[in-house]
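Structure record follows, encoded as structure tokens.
In our numbering, the protein residues as written are 31 to 603.
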């Protein structure tokens with residue numbers, strides 16, 4: 031493979047979403063043309079003759095003209111200047127007949143929304159082509175080594191593309207429901223598309239870069255972009271969640287920055303050239319010459335900093351608030367791949383730390399963080415009453431299992447961790463997107479107020495139930511195989527890790543009971559309404575995610591070689 035196609039394959043996953051974001055940003059948002067409405071008002075006999083002209087449309091409740099208060103001149107109630115148009119919830123000017131509550135805005139009438147699927151398809155295509163090449167020829171580089179694709183990069187690229195396809199495929203239907211409910215307009219939908227595409231570009235750059243400084247910048251960029259997505263609805267709760275997300279993740283990213291600077295300092299002291307002091311392959315090759323004390327402090331700060339983005343203690347508190355307030359497809363992206371992309375940075379630094387300090391340091395650090403996170407998640411799941419926050423705490427549980435597998439560090443454990451990343455991304459994206467549709471259908475996220483989903487919306491309830499079953503580790507889904515592999519590797523790794531694995535399994539059983547009980551409450555019981563067909567729209571991405579997750583649990587097929595190579599790239603030899 032010559033340089034030009036290689037550079038195109040490594041550049042396109044980040045460049046295409048960035049170009050898509052620019053295209054959305056430069057596309058003007060046009061309000062729909064108002065539909066003229068003529069209303070004839072029948073007057074009592076003796077009250078003036080009807081002129082035949084169109085009368086103003088009265089307000090349904092008060093009978094006064096639209097935008098006019100009782101006893102006020104026209105325009106006073108809206109606060110608009112004369113001749114200035116206001117924007118209605120559906121994106122049109124005030125005076126445009128509004129849709130009835132709950133009437134769906136057909137996503138088929140929004141071709142620009144479906145254009146967002148181009149980026150995930152390009153990411154998957156590039157990942158697939160790299161997956162064929164990299165296991166046989168080794169890592170590929172471009173732009174003087176700035177971009178690099180090894181087996182781990184390719185695996186993460188495929189996960190990002192798959193989850194993005196599910197989230198972007200669910201986006202038009204979700205936004206249509208939000209506009210029908212009056213919670214979004216054309217402008218907010220346009221802003222959503224710009225931010226989601228920029229989010230994908232930042233994650234892909236973090237995956238394919240070989241420079242640890244660029245990796246830090248890309249992860250920081252995801253924080254900036256997703257902060258606006260978390261506060262997408264602009265309610266008090268969502269804005270508070272966005273600020274909490276920014277403050278906590280900025281603190282974590284600051285720690286990661288200090289750790290990166292310390293690693294750079296250790297590399298320069300070891301004689302590494304300035305231009306290559308943050309190049310990951312160069313650092314791995316010279317890790318034996320790094321100062322042990324500086325490296326230990328730097329890696330600790332990096333694990334805590336990127337661990338904040340991965341939902342690990344102690345900087346985890348942003349996760350339930352952000353995931354519960356963000357739009358459902360954005361929650362799918364954040365939980366399904368953002369956490370894993372941040373943890374892939376920890377995997378990179380772990381290779382350097384193990385070569386410089388030995389495997390014992392990161393083993394103790396990651397095992398301790400994993401058990402603390404798992405204990406906290408299991409306890410909070412027992413007391414949870416909100417189904418979106420329930421899924422957020424479930425993400426903490428699964429990230430702690432990935433951290434525990436990384437602490438074990440054997441080939442089986444690392445392969446199971448990577449398989450868990452893929453299975454969790456697929457299952458959690460389906461669960462969050464289904465949870466968003468449930469919220470639109472029922473009008474609440476409180477678990478106690480939702481009953482009989484299987485009777486009220488059979489397809490939507492079935493998808494949500496299957497997604498939670500996948501997260502619980504039921505066969506044939508991929509998380510069953512990965513959790514089994516983590517347990518086998520942990521019990522075979524020695525007394526200390528065997529005890530940690532046993533404790534983790536007890537906590538997982540606690541989380542299992544909490545998730546199962548609350549999901550059963552939502553799905554079962556008498557349905558308050560007759561079955562509805564409105565919930566069937568836009569479920570094809572969720573079904574695709576469940577099928578892919580089940581396929582991973584049955585056999586990795588052509589991905590087997592890539593999975594083994596990815597485990598080898600991060601030390602599973």
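C-beta: ideal position from N, C-alpha, C; glycine also.
Which residues does DSSP pair with residue i in a beta bridge?
i	result
residue 467	Paired residues: none, contrary to the question.
residue 170	179
residue 476	416
Taking its Cβ as the centre, do 16 or more other Cβ atoms sit within 10 Å of residue i, making it buried, or is it exposed?
i	result
residue 304	exposed
residue 394	exposed
residue 612	Lying outside 31 to 603, the shown extent of the chain, residue 612 is not represented and no answer is given.
residue 217	exposed
residue 56	exposed
residue 606	Past the boundaries of the shown model lies residue 606; the chain is included only from 31 to 603, so the question cannot be answered.
residue 473	exposed
residue 476	exposed
residue 556	exposed
residue 359	buried
residue 46	buried
residue 282	buried
residue 355	buried
residue 35	exposed
residue 590	exposed
residue 318	exposed
residue 302	buried
residue 174	exposed
residue 536	exposed
residue 167	exposed
residue 479	exposed
residue 350	buried
residue 529	exposed
residue 435	buried
residue 162	exposed
residue 548	buried
residue 113	Caution is warranted here: a pLDDT of 36 is assigned to residue 113, below 50, making its placement in the model unreliable, and the coordinate value is therefore given only provisionally. Counting Cβ neighbours within 10 Å, residue 113 comes out exposed, since fewer than 16 surround it.
residue 189	buried
residue 290	buried
residue 397	buried
residue 520	buried
residue 276	buried
Please classify residue i: does DSSP put it in a helix, a strand, or coil?
i	result
residue 307	coil
residue 239	strand
residue 326	helix
residue 594	helix
residue 584	helix
residue 521	helix
residue 345	coil
residue 43	helix
residue 362	helix
residue 439	coil
residue 380	helix
residue 351	helix
residue 600	coil
residue 453	helix
residue 212	coil
residue 267	helix
residue 262	coil
residue 556	coil
residue 247	helix
residue 145	helix
Cβ of residue i less than 8 Å from any chain C Cβ?
i	result
residue 376	Note that chain C does not occur in the displayed structure, where there is just one protein chain.
Segment contact flag, the region 573-584 with the region 478-498, C-beta cutoff 8 Å, min 3 pairs: By the Cβ test, the region 573-584 is in contact with the region 478-498, since at least three Cβ pairs between them sit closer than 8 Å.
Inter-stretch contact at 8 Å, needing at least 3 Cβ pairs: the region 537-557 / the region 392-408: yes
Inter-stretch contact (C-beta, 8 Å, three-pair minimum) for the region 577-590 and the region 429-444: Verdict: no, contact absent.
Any 3 or more C-beta pairs closer than 8 Å across the region 255-270 and the region 213-231: Yes, since at least three Cβ pairs between the region 255-270 and the region 213-231 fall closer than 8 Å, the two stretches touch.
Segment contact, 8 Å Cβ cut-off, at least three pairs: the region 382-389 with the region 465-472: With a cut-off of 8 Å, the region 465-472 and the region 382-389 do not count as touching, because too few Cβ pairs lie within range.
Any 3 or more C-beta pairs closer than 8 Å across the region 359-375 and the region 289-296: no
Three or more C-beta pairs below 8 Å linking the region 324-333 and the region 228-239: With the cut-off at 8 Å, the region 324-333 and the region 228-239 do not touch.
Touch test, the region 270-277 against the region 200-218, Cβ-Cβ under 8 Å, three pairs minimum: no
Whole runs of the alpha helix (DSSP H) within the region 486-515, excluding any shorter than 4 residues: 488-501
contact_flag[the region 506-523, the region 458-468] where n(CB pairs < 8 Å) is 3 or more: no
Inter-stretch contact (C-beta, 8 Å, three-pair minimum) for the region 185-203 and the region 150-164: yes
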